[in-house]
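What follows is a single structure, written as structure tokens, with notes after it.
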Amino acid sequence: MLAFARLGDREAFARIWHDLIERDGLLEPVPAEEFIKYPGDYTLLGEFPFREQIESLEYLFSYGVQENREAEVFAFIHSLPDYLENLLTRVDLEEREYGISGCFAALPVIKAIAEGSLDVVEKILLTYDPISDERFLEETGENIERIRKSGVEAGVLNELLRWSVDPVQPAGKLLDTLRRHTGGDDEPILAMFDMANMGASGVAVGELASLLLEAHPDNRCLIESVYGSLKSEERYDEALAFADRHEFLKQDDAQFESLKLEALRSSDEEAAFQFLLGGIKERRMLERYADLFELALALDRMDEVASLRWIFAEEKGAIAGSHMLNALDRLKKRDVKEGTALFERAKRSGFPEELALMLLARSLLSAGYPKRVVGLREKMLKTSLPPEEIYPLLIRAYRELGRESEARDVEAMLEAVR
């Protein structure tokens, strides 16, 4: 059919078009509601690539072929927003699976397709005024708006993703730029912010979410993004206060108790210890057992942790805590061989190695084995443990061994790091 049209054979083109319409039974009237819902079922050109559809429509108009022409124009315009929205969805899925780098090439193309589609549709409608049915006109107007929206959203998503990777522009200026692109409409910005999964994208994105939240205080995605940003910045007190204003965050965030713990640790270790101790007694927050040991070590409250031995023993994820308490008991009884073995067992079960090393050094000192603590010196200094915690143990160990000169050397080292 198109071959004849390209050769200028109007009669052959019109004859083949009529035969195809007749063959597919498209001369029969169709209820408007049914056609609007499934236009592709009642037209011919939908199976063609878009370029051939546009070319065929131009021949239908230039050759004055009216059969099914209005339906073909309507179906063509109807198919465009679905196509563009599907492309945006595919970009979203690709970004989730492979990261955002691949999106940078696709999004400008989608934006260009949307803008080109609008140009083609506008030309057809203004040149030929092909649609007379009021219901078709209303639906066509809605489809044109969807095409325009897809182009705007592709541009917004491209800007957001590029900025999230390299946020050189302040969040406020970016938002001004995006609003100029959207004509002041925040809906595409909010939709693309959500699609881009930007709630976990860092501090700068949290600032953008905060600005948007001022205009849209009930937007759940923005609330979650601001909350996530506060947590990632370790601004635990602010995150806790923010969650108090949005109750669903407490219900949805499985780590809310951990957030509360971190907020308490930043200001009151005693309160943090009591909060965590109570939670573990109720068999909650068991995944934070190591934090309890760390707090107990700092506060000299290890005896209170000992009461949780059987809770740790019964919970697979916290069994290392039980091994550690058993190790501490053995060292108290001066059973160094068995105690050291249990320390190693605790580490193999998941107890943090550096914390275990500090507990071992303190326990050895308390049990009267300063020489063994000195033997741990190099091992402790190779870790990321703060020197302010290591040096006092070594000073005490050297003094108990009567090695005053070495104790003074370590005191000088301690003074230097303070």
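Everything in the sequence shown is counted per our numbering, starting at 117 for the first residue and increasing by one. Glycine included, C-beta positions come from ideal geometry on N, C-alpha and C. Quantities reported herein were computed from a predicted structural model and do not represent experimental measurements.
Three-state secondary structure (DSSP) of residue i
i, result
"residue 365", "helix"
"residue 431", "coil"
"residue 124", "coil"
"residue 117", "coil"
"residue 274", "helix"
"residue 449", "coil"
"residue 130", "helix"
"residue 488", "helix"
"residue 312", "coil"
"residue 317", "Low confidence applies here, because residue 317 scores a pLDDT of 47, under 50, leaving its location unreliable; read the following figure in that light. Residue state, collapsed to three classes: coil."
"residue 206", "helix"
"residue 181", "coil"
"residue 467", "coil"
"residue 397", "helix"
"residue 371", "coil"
"residue 424", "coil"
"residue 383", "coil"
"residue 456", "helix"
"residue 531", "helix"
"residue 417", "coil"
"residue 322", "helix"
"residue 300", "coil"
Nearest-angstrom Cα separation, counted from residue j out to residue i
i, j, result
"residue 504", "residue 425", "30 angstroms"
"residue 219", "residue 198", "19 angstroms"
"residue 331", "residue 268", "20 angstroms"
"residue 392", "residue 502", "24 angstroms"
"residue 366", "residue 376", "10 angstroms"
"residue 523", "residue 405", "34 angstroms"
"residue 439", "residue 270", "56 angstroms"
"residue 263", "residue 196", "7 angstroms"
"residue 471", "residue 521", "28 angstroms"
"residue 301", "residue 430", "56 angstroms"
"residue 260", "residue 128", "33 angstroms"
"residue 528", "residue 388", "33 angstroms"
"residue 480", "residue 355", "40 angstroms"
"residue 274", "residue 409", "47 angstroms"
"residue 533", "residue 382", "22 angstroms"
"residue 151", "residue 144", "12 angstroms"
"residue 506", "residue 488", "14 angstroms"
"residue 284", "residue 325", "16 angstroms"
"residue 547", "residue 164", "The structure shown has nothing for residue 547, since the chain only spans 117 to 534."
"residue 407", "residue 385", "11 angstroms"
"residue 316", "residue 360", "Unreliable positioning characterises residue 316 in this predicted model, as indicated by a pLDDT of 45, which lies under 50. The coordinate reading is nonetheless provided below. Their backbone Cα atoms lie some 20 angstroms apart in a straight line."
"residue 191", "residue 173", "11 angstroms"
"residue 525", "residue 277", "54 angstroms"
"residue 372", "residue 149", "51 angstroms"
"residue 341", "residue 379", "19 angstroms"
"residue 403", "residue 193", "56 angstroms"
"residue 414", "residue 491", "23 angstroms"
"residue 177", "residue 225", "29 angstroms"
"residue 433", "residue 374", "16 angstroms"
"residue 352", "residue 242", "59 angstroms"
"residue 466", "residue 460", "10 angstroms"
"residue 205", "residue 322", "24 angstroms"
"residue 134", "residue 201", "33 angstroms"
Proximity test, residue i beta-carbon vs the ligand FAD heavy atom, cut-off 7 angstroms
i, result
"residue 181", "For the structure depicted, the ligand FAD is absent and the ligand set is empty, with no information on it obtainable."
- Task: Ignoring anything shorter than 4 residues or poking outside the stretch 492-528, list the alpha helix (DSSP H) runs there in chain order.
- Result: 493-497, 503-516
- alpha helix (DSSP H) segments (min. 4 residues) lying fully within the stretch 132-175: 148-153
- Can you find at least 3 beta carbon pairs, one from the stretch 288-299 and one from the stretch 239-259, that sit closer than 8 angstroms? Verdict: no, contact absent.
- Item | beta strand (DSSP E) runs wholly inside the stretch 230-293, at least 3 long, in chain order | none
- Query: Looking at C-beta atoms only, is the number of pairs between the stretch 152-166 and the stretch 176-195 that lie closer than 8 angstroms three or more?
  - Reply: yes
- Message: Tell me whether the stretch 293-300 and the stretch 230-247 touch, counting them as touching only if at least three CB pairs, one residue from each stretch, are closer than 8 angstroms.
- Response: no
- Item | Three or more C-beta pairs below 8 angstroms linking the stretch 505-518 and the stretch 478-486 | yes
- Query: Taking only runs of the alpha helix (DSSP H) that begin and end inside the stretch 328-361, which ones reach a length of at least 4 residues, in chain order?
  - Reply: 336-348, 352-361
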